[in-house]
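Worksheet: the structure to be examined is printed underneath.
Protein chains: 4
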Amino acid sequence: MKDRIKVGLLGATGVVGQRYVEMLESHPDFELVALVGKSSAGKRYGEAAKWLLPTPIPEAFSDMVVREAGPTSVDECAVIFSALPSEAAIQLEPLYAKMGKAIVSEVSAHRMEPDVPLIVPEVNGDHLRLLEFQRKNRGWKKGLATTPNCTVTGLSLVLKALADRFPIRKAVVTTMQAVSGAGYPGVSSLLILENVIPYIKDEEEKVERESKKILGAVNGGSVKPFALPMAVSCNRVSTLDGHLETLYCEFDRTVTPAEAESQLSGFRGEPQKLRLHTAPEAPIIVTRQKDRPQPRLDRLAGSVPGMSVVVGRVRPGLDDCSIRLTLLSHNTIRGAAGNAILTAELMLRKGYL
Amino acid sequence: MKDRIKVGLLGATGVVGQRYVEMLESHPDFELVALVGKSSAGKRYGEAAKWLLPTPIPEAFSDMVVREAGPTSVDECAVIFSALPSEAAIQLEPLYAKMGKAIVSEVSAHRMEPDVPLIVPEVNGDHLRLLEFQRKNRGWKKGLATTPNCTVTGLSLVLKALADRFPIRKAVVTTMQAVSGAGYPGVSSLLILENVIPYIKDEEEKVERESKKILGAVNGGSVKPFALPMAVSCNRVSTLDGHLETLYCEFDRTVTPAEAESQLSGFRGEPQKLRLHTAPEAPIIVTRQKDRPQPRLDRLAGSVPGMSVVVGRVRPGLDDCSIRLTLLSHNTIRGAAGNAILTAELMLRKGYL
Amino acid sequence: MKDRIKVGLLGATGVVGQRYVEMLESHPDFELVALVGKSSAGKRYGEAAKWLLPTPIPEAFSDMVVREAGPTSVDECAVIFSALPSEAAIQLEPLYAKMGKAIVSEVSAHRMEPDVPLIVPEVNGDHLRLLEFQRKNRGWKKGLATTPNCTVTGLSLVLKALADRFPIRKAVVTTMQAVSGAGYPGVSSLLILENVIPYIKDEEEKVERESKKILGAVNGGSVKPFALPMAVSCNRVSTLDGHLETLYCEFDRTVTPAEAESQLSGFRGEPQKLRLHTAPEAPIIVTRQKDRPQPRLDRLAGSVPGMSVVVGRVRPGLDDCSIRLTLLSHNTIRGAAGNAILTAELMLRKGYL
Amino acid sequence: MKDRIKVGLLGATGVVGQRYVEMLESHPDFELVALVGKSSAGKRYGEAAKWLLPTPIPEAFSDMVVREAGPTSVDECAVIFSALPSEAAIQLEPLYAKMGKAIVSEVSAHRMEPDVPLIVPEVNGDHLRLLEFQRKNRGWKKGLATTPNCTVTGLSLVLKALADRFPIRKAVVTTMQAVSGAGYPGVSSLLILENVIPYIKDEEEKVERESKKILGAVNGGSVKPFALPMAVSCNRVSTLDGHLETLYCEFDRTVTPAEAESQLSGFRGEPQKLRLHTAPEAPIIVTRQKDRPQPRLDRLAGSVPGMSVVVGRVRPGLDDCSIRLTLLSHNTIRGAAGNAILTAELMLRKGYL
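Chains as they are written, first to last, in numbering that gives the first Met the number 0: chain A, 0 to 352; chain B, 0 to 352; chain C, 0 to 352; chain D, 0 to 352.
Written out as structure tokens, the structure is:
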């Protein structure tokens, strides 16, 4: 475990920050040495974080003092993970990038900038090439890689697996998203108890925009978005973790449910080939139990808990050229901390750190 | 209030049965005189029913003794409302029809029989004509009218309003349905707490099949179904009442959200023209609050609580010829008891009782 | 409805503020003419308030512009209801009192001051006499009356009814409180979904302290607290409205459950004798259904919804001299807005306004 | 792992049955070879059980065929765990005992029979001596040991630890119990969503009766109950697992919270001394976080998940001689399967198997 790369974490006390702490506690490549916060700076982490996971705070971090953000506060770190609020990320992430750090950010602030890669490692690890343009454009030594919105990550894995084999023409998506997606304190219990909220600010736009970038192709110093008309409807339901999504897809040819299931369950990406630490054996698990996936029972399925998307109810759509299915993705693991850590693992293996 | 038509209620103790009791307590046309049950026969209604509404059991019914189903048990009633379990309805409904009663049933058992009208009064009151064929075919004096599945009722109102003006080509629907839709005891809390169940037995088939019959046209002694390809995904969420649905629709021409909103909010049916007792002023209420309709806050909106569908988030779909929206319908009122009572009111006015 | 007293409302947009607006919409004595807020000042009320009640915002108030707090902003009002955050109340309530207004406050800031009455109208309306001392002490023309914490109000009604007949010796209370008790946004859904939080800041101290003052006797210019040792444990559960409490009581003599039930259900106070507008026929309703009261089904029971405490499960305690029971009280109606309005009605009748 | 004792499980498909399967999957002493059910007999376990745990069904059991109950169906088993419905246990448990099996039952049917030990291993392992009387009385070779109600188990650990050092005089308890305590399907979601049910059939009587037997002393062939007046109020809340209880205790001497905390956290029993497989390091964990224990966050705390009781909020009661605290115990692990398995481990070590 020695000679690991020292890493820092911005936004350490939040819901996603806690997942990072949990997943980095004993990581073979990365050593988490700096927890950075704003209102919590100067306090012990165990006291500053409203710890919400059922496993206790790792002892190594409970007594670590939270540092203030700023030029010198993460001096010893080569890599910075960012789980900042978006407004804070706008300035702080470039600041650290300018200092020569590699930044891996799950924040929306810079995702759509042309020379910033937006990565789901199994889908578009090759987009990391954009870092070379970014370094040239911005004079940054390492640069900034981002990961997508929590709803997009699972969806893009499924769309990629399908599109690899079946020419896809349009997608209609409805989401039922967990409250942890809004952070802490996030969604008031007065709103969501015995209720569904059929709206999440900016979410539908993010899903459509980011999916197309992830599935797109690098073309010069930017990404040519994938041409996929999408109609997305986002809803908040009273689950804690796990975004459930129904997907209706049309294709340019006939696709049977069996073909789709086989393509989905057989899908593998670079992280699986490289046997990266946080890569699940199967990025997509297909269940044939008729009433699954369910958020509470399936969000941690697979060899690396929370990193696999679970797909069920694969069945015909309106005709032979369309498919319906339901997918579930853990929003703070595969949808945030886990996907960012896997991205960093891939960057390390590819020489970008 | 005198000279009202005496009515009986089959399945009186269930979740829907209780709504009937609440809505018929002081109805101007119908006098509820017979509560019929199976395991509860012989008991006082107040003791037999696990009363789940926040308003107390109407006193008039609390002490009424539940009768056993059978040929003579509803002798004085001209009209029978049925909220039976489906298996019981298969035999009992025809039995009473044979005795000359008019049956209005919200049960699925006979809905799809060719000469049985399946009614949402604002949509297809004219289908009641089928009763004439039915009387001839079956030798019944009054006959059996049915009302649709709780998910279909609200949806068909919206589809009808849209299709009246815009040639509709396909529909993709995802539902988030309340637990009362499964009756009592229905959904175990162990399944649904902090969870979503992405499957409801037979529900998607019912939605597709029944919608097409309701929107279809009477042609001789049966209904020619409306030609609308539909892809439906049904989910159970932890709300008590109110089915929320996202709808994506494609049309043969451009439709703007403003046109759609205007068409929906202006929609009126025969019950409004006839000023029927249970008819809401507007069958469809359009809200422009961006995070509405919400089940808990909007399920009782409108002039007759629970009888209006609330539509919100009307916005473009994938292109100019498609629309997305969210709709909410109270599943045990408009989706069951209320829709059946409104159907009976229409039958009365049209001379079918 | 004319010649009503003009009243203003501080803290109009919050959860309790909304209950005031709902209850004052068509009040025979009071005309709500001024809605006062801080961050919402200058906005339309309908836009400023995150309206959380299932009944729509009364139209009369939806377009009313929220005023800023300050010396002249409620000039035309003789009575001010306060639902402010406690910190704001510390300064603003005395400010308005100094201007000659009568203040009725459900806020904790001044409740325990010796010359400030803390009122549950059926229990200790005679404590309003303190206003005379207060006026003398402070030079205020009308003065400040307060109402207790949402958990105390229902409990003190029950304790008063029991203590009136049975010499009470000690009380052990456990509460299961609704999330609306913490206001909006209040309790994060991440904390309370599928959980119970066994702690509410300062709540247990308030319950013990305020109960004793309410049940105490005016003695000179202050209240001699009732000598009742109490051990209270407060818990937050995932209900929306309605605080449920288990009560174990010891007495100096034998008390049978039947005696206790009869004493509780027969209890009446001054508001009932005076037939005040917001006074329920029975302040305490006793149910014998073995699994009641339940928050969702019983919180609105009685002739004035939300104003009656519902008591059930009256049964022996440890021996013949002790009793156990369960009580339910609507926390934002009887526990806040409704109790304050009833207090103002009593003040009006007694000549204090 | 070889030469383990072959065991069978009655009631294998239920909520508690599933916990047994999970905990016995790789047990060093016991090999689960027979799953017995009634309606599920003949089916594969994976198909018969509505598996409700987030970890998948252990593969070894998924394909095992469920056996019918009956004289020969568990021939190869020396030990039988019973998680039967109570009515079935009345006859089946003695049947197997007569055949020479050792039965360890978490069912209420036989708990209160004089010569049947009712065991919480850390509290009263010495009561296993009753088996000797039982064998004599009934002519059984091994005999029947039982474990208590899910609410009692955690409570009796806390009462025992306190009573060991402080002479205890009375106890007032209020519970907030999880829905899994009622099994599957158990509590209808229509009852418990956004609600609390202040009643659980027969539960309060069981808590009072069983606690006294467990804390009592063997005296000849039966147990002299502990003389502790108890007043218990049981409530069902919408949590999945983990019974939360508030406890108020009076003692014959002064007890400070610090003394009580120290006594509770230092408590150890025979299972700890014998280092039994399922024994947690600390049977009682004391937390000083002011808003803990919480069911969702703390029910799996400790070295053997679900086997430790977590106690928090230890504070004075009404005076120096009383204490209040909050305790949490996992109802299907420590309150059922786990406590029974630990009992069997103790029986094995003491030579009773």
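Virtual Cβ for every residue (Gly too), placed ideally from N, Cα, C.
Terminal residues of the alpha helix (DSSP H) in which residue i lies
i	result
B:Q133	129–137
A:A48	Looking at the DSSP string, A:A48 is not in any alpha helix (DSSP H), and its letter there is neither H nor E.
B:F60	58–61
C:R348	337–348
B:I89	85–97
Residue i burial status per 10 Å Cβ neighbour count (16 or more: buried)
i	result
A:V119	buried
C:R291	buried
B:K140	exposed
C:D240	buried
D:L94	exposed
B:N218	exposed
C:T12	buried
B:A160	buried
B:G138	exposed
Nearest-angstrom Cβ-Cβ length linking residue i and residue j, presumed shorter than 8 Å
i	j	result
A:R314	A:P228	22 Å between Cβ atoms; not a contact.
C:E30	C:A59	Not a contact, Cβ separation roughly 10 Å.
D:V195	C:M175	5 Å
A:A82	A:E105	6 Å
B:L327	B:L246	Not a contact, Cβ separation roughly 11 Å.
B:V20	B:P55	Not quite, the Cβ-Cβ distance comes to about 11 Å (not below 8 Å), so this is no contact.
C:C76	C:V15	The Cβ separation is near 18 Å, so there is no contact.
C:I283	C:V308	5 Å
Residue interval of the beta strand (DSSP E) (run including residue i)
i	result
A:C233	229–235
A:P27	From DSSP, A:P27 is part of no beta strand (DSSP E); its letter is neither H nor E.
D:P315	308–315
C:I79	78–81
B:G7	4–9
C:F165	No beta strand (DSSP E) contains C:F165, which DSSP labels as neither H nor E.
D:G142	142–145
A:T223	This sequence places Lys at residue 223 of chain A; Thr is not what is there. Note, A:K223: beta strand (DSSP E), 221–223.
A:V285	283–285
Local conformation of residue i per DSSP, three classes
i	result
B:N194	coil
D:T255	coil
A:F266	coil
D:R208	helix
D:S107	coil
D:Q176	strand
B:N218	strand
C:H242	strand
Distance between residue j and residue i (C-alpha atoms, nearest Å)
i	j	result
A:K5	A:T150	29 Å
C:P147	B:W50	33 Å
D:S38	C:A47	58 Å
B:G265	B:A281	8 Å
B:R43	B:M63	6 Å
C:N136	C:G99	14 Å
A:P84	A:S107	9 Å
A:S335	A:D163	First, the amino acid is wrong: residue 335 of chain A is Ala here, not Ser. Straight-line Cα distance between these residues: approximately 24 Å.
Under 7 Å from the C-beta of residue i: neighbouring residues of chain E
i	result
A:Y183	Of the chains in the structure shown, none is chain E; the protein chains are A, B, C and D.
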